[in-house]
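Same order as they appear, the protein sequences are chains A and B.
Every letter in the first sequence is one number past the one before it in the numbering used here, and letter 226, counting from 1, is 266.
Every letter in the second sequence is one number past the one before it in the numbering used here, and letter 231, counting from 1, is 271.
Beta carbons are placed, not taken as given, at the ideal position from N, Cα and C, and that holds for glycine.
Quick caveat: nothing in here was measured; it's all calculated off a predicted structure.
Worksheet: one structure, shown below.
2 protein chains.
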Amino acid sequence: MRPGEFDLIARYFAPLAAGFPGAAGLKDDLAVVRPSSGCELATTVDAMVEGVHFLSDDPPDTIARKVLRANLSDLAAAGARPLCYFLSMSLNNSVDEVWVSQFAAGLADDQKEFGISLAGGDTTSTPGPVTLSVTAMGEVEQGRAVRRSGAGTNDDVWVTGTIGDAANALHLIENYGVRKVSEEYPFLLDRYRLPVPRSALGPRLVGLVSAMTDISDGLVADLGHICAASGTGAELSFYDIPLSDDVREFLGKEEKGVESCAIRILSGGDDYELLFTAPTASAPLIEKAARLSAVRVARIGNIVSGDGVRVVSADGAEIEVAAGGWRHF
Amino acid sequence: MRPGEFDLIARYFAPLAAGFPGAAGLKDDLAVVRPSSGCELATTVDAMVEGVHFLSDDPPDTIARKVLRANLSDLAAAGARPLCYFLSMSLNNSVDEVWVSQFAAGLADDQKEFGISLAGGDTTSTPGPVTLSVTAMGEVEQGRAVRRSGAGTNDDVWVTGTIGDAANALHLIENYGVRKVSEEYPFLLDRYRLPVPRSALGPRLVGLVSAMTDISDGLVADLGHICAASGTGAELSFYDIPLSDDVREFLGKEEKGVESCAIRILSGGDDYELLFTAPTASAPLIEKAARLSAVRVARIGNIVSGDGVRVVSADGAEIEVAAGGWRHF
Numbered sequence: 041m042r043p044g045e046f047d048l049i050a051r052y053f054a055p056l057a058a059g060f061p062g063a064a065g066l067k068d069d070l071a072v073v074r075p076s077s078g079c080e081l082a083t084t085v086d087a088m089v090e091g092v093h094f095l096s097d098d099p100p101d102t103i104a105r106k107v108l109r110a111n112l113s114d115l116a117a118a119g120a121r122p123l124c125y126f127l128s129m130s131l132n133n134s135v136d137e138v139w140v141s142q143f144a145a146g147l148a149d150d151q152k153e154f155g156i157s158l159a160g161g162d163t164t165s166t167p168g169p170v171t172l173s174v175t176a177m178g179e180v181e182q183g184r185a186v187r188r189s190g191a192g193t194n195d196d197v198w199v200t201g202t203i204g205d206a207a208n209a210l211h212l213i214e215n216y217g218v219r220k221v222s223e224e225y226p227f228l229l230d231r232y233r234l235p236v237p238r239s240a241l242g243p244r245l246v247g248l249v250s251a252m253t254d255i256s257d258g259l260v261a262d263l264g265h266i267c268a269a270s271g272t273g274a275e276l277s278f279y280d281i282p283l284s285d286d287v288r289e290f291l292g293k294e295e296k297g298v299e300s301c302a303i304r305i306l307s308g309g310d311d312y313e314l315l316f317t318a319p320t321a322s323a324p325l326i327e328k329a330a331r332l333s334a335v336r337v338a339r340i341g342n343i344v345s346g347d348g349v350r351v352v353s354a355d356g357a358e359i360e361v362a363a364g365g366w367r368h369f
Numbered sequence: 041m042r043p044g045e046f047d048l049i050a051r052y053f054a055p056l057a058a059g060f061p062g063a064a065g066l067k068d069d070l071a072v073v074r075p076s077s078g079c080e081l082a083t084t085v086d087a088m089v090e091g092v093h094f095l096s097d098d099p100p101d102t103i104a105r106k107v108l109r110a111n112l113s114d115l116a117a118a119g120a121r122p123l124c125y126f127l128s129m130s131l132n133n134s135v136d137e138v139w140v141s142q143f144a145a146g147l148a149d150d151q152k153e154f155g156i157s158l159a160g161g162d163t164t165s166t167p168g169p170v171t172l173s174v175t176a177m178g179e180v181e182q183g184r185a186v187r188r189s190g191a192g193t194n195d196d197v198w199v200t201g202t203i204g205d206a207a208n209a210l211h212l213i214e215n216y217g218v219r220k221v222s223e224e225y226p227f228l229l230d231r232y233r234l235p236v237p238r239s240a241l242g243p244r245l246v247g248l249v250s251a252m253t254d255i256s257d258g259l260v261a262d263l264g265h266i267c268a269a270s271g272t273g274a275e276l277s278f279y280d281i282p283l284s285d286d287v288r289e290f291l292g293k294e295e296k297g298v299e300s301c302a303i304r305i306l307s308g309g310d311d312y313e314l315l316f317t318a319p320t321a322s323a324p325l326i327e328k329a330a331r332l333s334a335v336r337v338a339r340i341g342n343i344v345s346g347d348g349v350r351v352v353s354a355d356g357a358e359i360e361v362a363a364g365g366w367r368h369f
């Protein structure tokens with residue numbers, strides 16, 4: 041049995057809103073939000089469902105941080121600085137006060153790390169899986185939010201971090217159990233449970249990049265969204281895609297090498313890395329912004345005329361990715 | 041089988057965002073929102089879960105309108121003018137394309153009626169009940185949003201419309217089935233399925249009222265929230281609470297009169313009427329604003345020193361409401 045909605049809010053969530061005056065201590069049904077002078081609000085929504093986007097026995101603090109970080113990643117991809125968020129929670133009977141306190145503690149940690157504050161929300165009960173939805177707002181100078189639609193022919197395609205960590209972690213969990221993953225591949229488990237939004241880098245890329253998104257649906261799918269919105273195609277160089285040491289080790293040891301798992305690298309989601317396009321002339325400034333943000337960046341391809349995303353091998357031949365492996369043309 | 045997320049968005053939801061340039065046709069993961077000069081954004085969240093807040097066989101268009109209207113009602117209670125909303129949907133396998141198209145048609149109708157536009161959202165699948173969460177934003181002049189916390193001793197307590205319609209409708213549905221209710225009490229069924237947010241009146245009350253909320257938890261509970269936030273008590277005059285003709289007829293015919301069902305009137309939620317407090321000197325201007333908005337208003341009590349909400353009978357004696365009836369002291 042957990043306390044009533046009002047008690048839970050006062051005890052665990054009102055402290056998370058203390059730094060945001062417009063929230064009025066969560067004592068009202070609404071918050072007041074005003075962007076700084078000359079700015080507008082980039083606003084994004086991400087929902088997560090127990091059993092779909094997180095596992096029932098995931099630690100509550102990482103569940104909280106993951107749903108918040110998915111939103112922070114969208115803000116970073118727009119070049120926006122985190123401001124505040126609204127949390128909608130549908131909780132079932134298996135959620136007790138300990139769960140709520142750990143969930144709120146996870147939010148508190150990430151609020152401090154990323155400089156964002158709770159501003160409001162809603163709590164309901166559900167007979168089904170725990171369902172969380174976050175609406176987050178970030179500030180960006182008027183008219184400067186980065187969109188998916190600005191990619192131009194010959195622009196370079198860039199990514200941050202390493203690709204495929206989350207998808208390989210999920211594959212490991214499903215096939216070997218969480219315990220083995222936490223013992224043998226703790227880095228990958230962390231990457232799945234706690235993606236790192238590129239909140240410092242995103243705003244630094246405003247003015248340097250032509251289009252940006254984060255990788256949530258998968259590298260090829262998300263690049264496809266940029267291409268569709270920009271009216272272009274793209275060519276990806278498979279061997280330029282940055283992989284973590286852990287993924288290389290796992291794929292070399294347990295599977296038949298990187299190529300056999302190309303689909304997991306190209307189509308796996310949930311890495312929450314930034315994917316962006318930029319004229320080649322921007323490269324030095326992009327690399328400088330990345331250094332300042334302590335984030336690794338890599339050029340992995342080019343925007344081309346036409347449509348769709350082609351993935352090419354070292355010799356320039358097209359790789360067709362299908363479930364279970366790849367084919368070389 | 042329903043089409044994929046991107047197809048659904050393009051077909052049914054992108055048209056709902058056509059009037060809001062910051063949504064960029066829903067082709068991005070985020071929208072850009074900027075309040076008009078001199079204004080700030082009142083922002084509210086309301087979630088609804090199948091089987092908890094709506095019934096599985098409720099028409100999809102009324103489900104859509106109800107979740108949107110719950111948010112519009114919160115905006116009205118802040119004195120804010122509707123601007124845009126974000127929709128987070130967790131849909132299960134029983135939702136097909138027809139359901140989605142009817143759901144979107146309901147949103148389209150209400151967008152037109154209340155002057156609000158879809159700006160963004162998220163769609164996920166769920167193995168559980170359909171879960172909907174709306175984050176809505178309205179504009180209000182800087183520093184003028186009406187809060188729960190401003191009630192002062194001797195202020196009058198006011199409500200709009202009639203009280204207890206939704207709770208009596210739900211009682212009827214649970215005991216006699218939807219069919220009998222739709223045949224004999226169509227007005228009450230409508231009041232339950234389609235509450236009317238007081239969007240025209242709310243902004244007109246800015247500057248006239250000292251505190252305001254909407255009735256979603258129940259008249260006494262929501263007045264209790266105003267009292268707690270304002271550091272006051274309140275006294276309600278039971279026989280001044282406005283009831284609809286349908287509720288009077290039903291309670292006279294099927295039950296043992298209005299008094300026997302006092303709890304349903306005082307504690308039933310979901311009416312989405314405005315509940316506000318104001319100095320007596322404001323009464324003529326409040327009544328004028330109500331006439332201009334074609335909304336009925338009634339004075340039902342007073343703010344007093346102390347705390348808590350007392351309900352009194354015509355002779356001034358306290359009524360204690362408990363499940364199953366009332367007691368007269």
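Taking its Cβ as the centre, do 16 or more other Cβ atoms sit within 10 Å of V138(A), making it buried, or is it exposed?
exposed
Is there at least one Cβ from chain B nearer than 9 Å to S372(A)'s Cβ?
Lying before the first or after the last residue shown, residue 372(A) is absent from chain A, which here runs from 41 to 369.
Within 10 angstroms of its Cβ, does T171(B) collect 16 or more other Cβ (buried), or is it exposed?
Buried.
Would you kindly report the start and end of the unbroken beta strand (DSSP E) that includes L123(A)?
Looking at the DSSP string, the run of the beta strand (DSSP E) that includes L123(A) is 121-131.
Mind reading off the beta-carbon distance from G201(B) to R336(B)? Whole number of angstroms is fine, and I expect it under 8 Å.
The distance from the Cβ of G201(B) to that of R336(B) is about 6 Å, consistent with a contact at the 8 Å cut-off.
One question on the structure: do N208(A) and F290(A) come within less than 9 Å of each other, judged by their Cβ atoms?
yes
What does the Cβ neighbour count give for Y279(A), buried or exposed, with the cut at 16 atoms within 10 Å?
exposed
Name the two residues that bound the continuous beta strand (DSSP E) containing C301(B).
Segment: none, C301(B) is in no beta strand (DSSP E) and carries neither H nor E.
Going by other Cβ atoms of all chains shown within 10 Å of its Cβ, with 16 needed for buried, is R233(A) buried or exposed?
By the neighbour-count rule (16 or more Cβ atoms within 10 Å), R233(A) is buried.
According to DSSP, simplified to helix, strand and coil, what is G178(A)?
strand
Between A50(A) and A87(A), what straight-line distance do the alpha-carbon atoms span, to the nearest angstrom?
Going by the C-alpha atoms only, they are around 24 Å apart.
Using a beta-carbon distance cut-off of less than 8 Å, what residues from the stretch 67-80 of chain A approach chain B?
K67, D68, D69, L70, A71, V72, V73, R74, P75, E80
Going straight from the alpha carbon of I359(B) to that of A240(B), what length do you get?
Approximately 34 Å between the Cα atoms of the pair.
Just to confirm before moving on: does the CB-CB distance between A120(A) and A185(A) stay below 9 Å?
yes
Identify the contact partners of A274(A) in chain B, using a Cβ-Cβ distance below 8 Å as the criterion.
Ordered by position in chain B, no residue passes the 8 Å Cβ test against A274(A), which lies about 17 Å from the chain.
Is A269(B) close to chain A? Criterion is C-beta to C-beta, closer than 9 Å.
yes
What residues from the stretch 77-110 of chain B come within 9 Å of chain C, judged by C-beta to C-beta, listed N to C?
Protein chains in the displayed structure are A and B, and chain C is not among them.
Shorter than 9 Å from the beta carbon of A363(B) to some beta carbon of chain A?
Its pLDDT being 48, under 50, A363(B) is placed unreliably by the model, and nothing is read from it.
Could you tell me which of D205(A), T164(A), D136(A) sits nearest to C301(A), measuring between CA atoms?
D205(A)
Residues in its own chain within less than 8 Å of D257(A) by CB, not counting five upstream and five downstream?
H265, G309
Quick one: residues in its chain with C-beta nearer than 6 Å to the C-beta of A261(A), no 5 flanking neighbours on either side, listed in chain order?
If we look at A261(A) and ignore the five residues flanking it on each side, it has no Cβ neighbours.
Could you tell me whether the Cβ of T317(B) comes closer than 9 Å to any Cβ of chain A?
no
Given a limit of 9 Å on CB to CB distance, which residues of the stretch 323-344 of chain B reach chain A?
Within the stretch 323-344 of chain B, no residue qualifies.
Taking Cβ-Cβ distances below 7 Å as the criterion, which residues of the stretch 198-226 of chain B are in contact with chain A?
Residues passing the 7 Å Cβ filter: none.
Using C-beta distances below 6 Å, list every residue in its chain close to F227(A), excluding the 5 sequence neighbours before and after it, in chain order.
D286
Please report the straight-line C-alpha distance between E45(B) and L158(B), rounded to a whole angstrom.
In a straight line, the C-alpha of E45(B) is about 16 Å away from that of L158(B).
Distance, Cα to Cα, G161(B) vs P237(B)?
22 Å
For G341(A), does the three-state DSSP call read helix, strand or coil?
strand
Taking the Cβ atom as the reference point for each residue, do N194(B) and T320(B) lie within a distance shorter than 9 Å?
yes
Only counting runs of 3 or more residues, tell me where the beta strand (DSSP E) segments fall wholly within the stretch 175-247 of chain B, in order along the chain.
196-200
List the endpoints of the continuous alpha helix (DSSP H) containing V1(A).
Because chain A here runs from 41 to 369, residue 1(A) falls outside it and cannot be looked at.
Which residues mark the beginning and the end of the alpha helix (DSSP H) in which D114(A) is found?
100-117
Which residues of chain A have a Cβ atom closer than 7 Å to the Cβ of R187(B), listed in chain order?
A64, D68
Hey, out of V298(A), A274(A), L283(A), whose CA is closest to G346(A)'s CA?
Looking at V298(A), A274(A), L283(A), the one whose alpha-carbon comes closest to that of G346(A) is A274(A).
In the structure shown, what three-state DSSP assignment does D280(B) receive?
helix
Between which two residues does the alpha helix (DSSP H) holding G292(B) run?
285-294
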